[in-house]
Amino acid sequence: MKLSFLTKNKTGRSMLFGKVGIRAQPSFMNTIRMPKCRVFVRTPSRSNSTSTHLQMNWVDFFKLRRQNKVLNTSASILTAGLSGFATLEYLGNVEIDLEKPIFGIDAVIVMGGLVLLGGAAGYLLGPFLGTAVFNLSRRSVLPQFKAKEELFLRRIKRYRVDPSSQSFSNPVPDYYGERIYSLKTYRQWLRDCNAYRRKAQEFI
């Protein structure tokens, strides 16, 4: 809104003072300031990520552990047969006089030993193949399985017995926990460890 008004100078004459602009006063609603809203986003911490990796229960873990063992054993049998067969094929193509001994040993016995040695080498390579197949087939749960396996091995290391006190009547109960594939066998392993400690204390 603009207004014009008259003023008198020193001579008494009236002068038209320029137009003065007057701003409208802000209303009550315009004076209200809305509070600022802050949004907090929580980033998952390392502890939360670790807890998600440990969400696999023990039943599922032992099932996967048994599957891994079956794959490793099957792969060992397969690679042992293939290695033994390959060794036999190689020796069949080599000219060997079966009537002459090799290093003082009958040639047939030496060839049979070489075939068995090739099969044993293949059997040792089997777990590497089985583990690779298991990791590829269980990629979705592999991190959870690895985390659970680490926890399981820590428990085995904590509760296993001292093998220095073993005897013929008191053998060590599965020192590395390789035959534990269920909660039932794990509890039995703990009972066997306690029985081993009691017998060891009796003979001291």
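With the first letter of the sequence shown counted as 1, position 158 gets the number 149 in this note's numbering; the numbers rise by one all the way through.
Using N, Cα and C, we set each Cβ at its ideal position, and we do this for glycine too.
These numbers come from a predicted model, not from an experiment.
Residue i and residue j closer than 8 Å at C-beta
i	j	result
N63	G109	no
L73	G103	no
G75	V99	no
F136	R130	no
S173	F52	no
Same chain only: Cβ atoms within 7 Å of residue i, ignoring 5 sequence neighbours per side
i	result
N126	L133
A191	S156 and N161
P154	V163 and Y166
Close-in-space but distant-in-sequence residues of the same chain around residue i (CB under 6 Å, 5 per side omitted)
i	result
V101	I93
I147	G168
K139	M47 and F52
L69	none
V50	none
For residue i, the first and last residue of its enclosing alpha helix (DSSP H)
i	result
Y81	W49 to G83
Proximal residues to residue i (C-beta, below 8 Å), its chain only, five neighbours per side dropped
i	result
G121	N59, L62, N63, T64, S65, A66 and S67
A71	G110, A111, G113, Y114 and G117
Heavy atom of the ligand ADP within 7 Å of residue i beta-carbon
i	result
P154	Among the components of this structure there are no ligands whatsoever, and the ligand ADP is therefore not found.
Requested in this report: Note down, one range per segment and in chain order, each beta strand (DSSP E) of at least 3 residues found wholly within the stretch 118 to 147.
Outcome: none
Query raised in the report: Does the count of Cβ pairs from the stretch 77 to 90 and the stretch 162 to 174 closer than 8 Å reach three?
Result: no
Query raised in the report: Unbroken alpha helix (DSSP H) runs of length 4 or more, entirely within the stretch 147 to 172: which are they?
Result: none
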